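Using the working numbering, the first residue of the sequence shown is number 1, and each one after it goes up by one. We put the beta carbon where it would ideally sit given N, CA and C, even for glycine. The structure displayed is predicted, hence computed values, not measured ones. The structure appears below as structure tokens.
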Amino acid sequence: MSLRRLALLCCLGCPLPALAEVSSETLFFLQPDGRHYLLQRSIHSDSASHRFHLPKTVRREDLRYVNPADFQWDDSPPDSNLLSFDAGGFTLIYPGVFEDAELQRLADGSWRYRSWHGRPDRLGRYGYWYAPGDFDRYGYGWLLPDNIEILDYRANVPGRWTRRPGALGFYAEGVNNVTFEIRYRVHAPAAPAPAQTPPGDADRDGVPGDRDLCPHTPAGARVDRVGCALDADRDGVPDGIDRCQGTPEEALPVDTAGCPAEATSAD
Numbered sequence: 001m002s003l004r005r006l007a008l009l010c011c012l013g014c015p016l017p018a019l020a021e022v023s024s025e026t027l028f029f030l031q032p033d034g035r036h037y038l039l040q041r042s043i044h045s046d047s048a049s050h051r052f053h054l055p056k057t058v059r060r061e062d063l064r065y066v067n068p069a070d071f072q073w074d075d076s077p078p079d080s081n082l083l084s085f086d087a088g089g090f091t092l093i094y095p096g097v098f099e100d101a102e103l104q105r106l107a108d109g110s111w112r113y114r115s116w117h118g119r120p121d122r123l124g125r126y127g128y129w130y131a132p133g134d135f136d137r138y139g140y141g142w143l144l145p146d147n148i149e150i151l152d153y154r155a156n157v158p159g160r161w162t163r164r165p166g167a168l169g170f171y172a173e174g175v176n177n178v179t180f181e182i183r184y185r186v187h188a189p190a191a192p193a194p195a196q197t198p199p200g201d202a203d204r205d206g207v208p209g210d211r212d213l214c215p216h217t218p219a220g221a222r223v224d225r226v227g228c229a230l231d232a233d234r235d236g237v238p239d240g241i242d243r244c245q246g247t248p249e250e251a252l253p254v255d256t257a258g259c260p261a262e263a264t265s266a267d
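Rendered as structure tokens:
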């Protein structure tokens, strides 16, 4: 037996290292226009490192959140931008917009989203993929604004779909090269509730009408917190328009300016 064949047999007989268990989560936070979104991608395993391929349309400055913060960015590959992490998992959040190749407007006015354009890469991979091995656990979801209605959905692998108010989710185990098709309708966003206008102030004394116990205070009069005129000398002319403050009681009556009547009379 040749040494080369012996070495091959010995290698085949050696136990291979077990693949790291992998869980992944993909969450789309869809915006009211039905095209823009915020995307969260997470992968976790006991692997010592990860490399993650991003579309060429995603730039480094587009990354809103990266954990762990230490990573390497390589935009030299022709088909993707490559992130490398020396860690067993990572989470990314970045904005995006569905491209024309992903989104189709149907005759009934609804939209059909397809996550894969139908062509595998040069290694035969497509959709949401992982290598080496498969996703042991894979989660995918859409978080929806109130004006978006999910009509139907499907995946190319078996799994469990869940519907909740404002959300659509999918979960599968032992899968790879996962693709989705989702049909939905975009309704006009609900009009915002009208702003509450403050209560009126008919006499313009600074006290809102719903708290004004004296709603016909003359202009210029100083008022208390319930909108009633202050009258320090009690001559019947409110402070603020009383030109003769401190009128003594014996000087009453006074004129409309709050001064003794004889002081402003003329022949």
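Counting of Cβ neighbours within 10 angstroms places residue 230 among the exposed residues, the total staying below 16. Here the C-alpha atom of residue 25 lies approximately 20 Å from the C-alpha atom of residue 150.
Sixteen is the threshold: since fewer than 16 other Cβ atoms of the shown chains lie within 10 Å of the Cβ of residue 46, the residue is exposed. Per DSSP, residue 104 is one residue of the beta strand (DSSP E) stretching across 103-105.
Where residue 42 is concerned, the enclosing beta strand (DSSP E) starts and stops at 36-45. The alpha-carbon separation between residue 249 and residue 240 amounts to approximately 19 Å. Pairwise C-beta distances place the segment 98-107 out of contact with the segment 62-79, as fewer than three of them are shorter than 8 Å. Ranked by how close their Cα comes to the Cα of residue 180, the residues 35, 159, 236, 32 have 159 in first place.
With respect to the C-alpha of residue 59, the residue from 120, 31, 23, 93 having the closest C-alpha is 93.
Just measuring C-alpha positions, the residue of 21, 245, 128, 127 sitting nearest residue 49 is 21. Residue state for residue 261 is assigned as helix, using DSSP reduced to three classes.
In this structure, the alpha-carbon of residue 57 lies about 16 Å from that of residue 127.
With fewer than 16 other beta carbons inside 10 angstroms of its own, residue 68 counts as exposed. Taking C-beta separations shorter than 8 Å and ignoring five residues to either side along the sequence, the partners of residue 35 in its chain run 97, 98, 103, following chain order. The Cβ neighbour count for residue 172, taken over all protein chains shown within 10 Å, is at least 16; the residue is labelled buried. The three-state secondary structure of residue 255, taken from DSSP, is coil. Excluding residues up to 5 positions away in sequence, 40, 141 lie with their Cβ nearer than 6 Å to the Cβ of residue 27 in the same chain. In this model, residue 233 and residue 206 are separated by some 23 Å (Cα to Cα). For residue 128, no beta strand (DSSP E) run applies, since DSSP gives it neither H nor E. Listed in chain order, the non-local C-beta contacts of residue 258 below 6 Å within the same chain comprise 235, 237, 242, 243, 244, local neighbours out to five positions each way being set aside.
Looking from the CA of residue 164, the closest CA among 178, 156, 145 belongs to 145.
When the alpha-carbon of residue 84 is set against those of 261, 54, 107, 253, the nearest one is in 54. By DSSP's assignment, residue 82 forms a beta bridge with 53, 74. The three-state reading of DSSP puts residue 21 in coil, since its state is none of H, G, I, E or B. In the three-state DSSP reduction, residue 181 falls in the strand class (E or B). With 16 or more other Cβ atoms from the protein chains shown falling within 10 Å of its own Cβ, residue 155 counts as buried.
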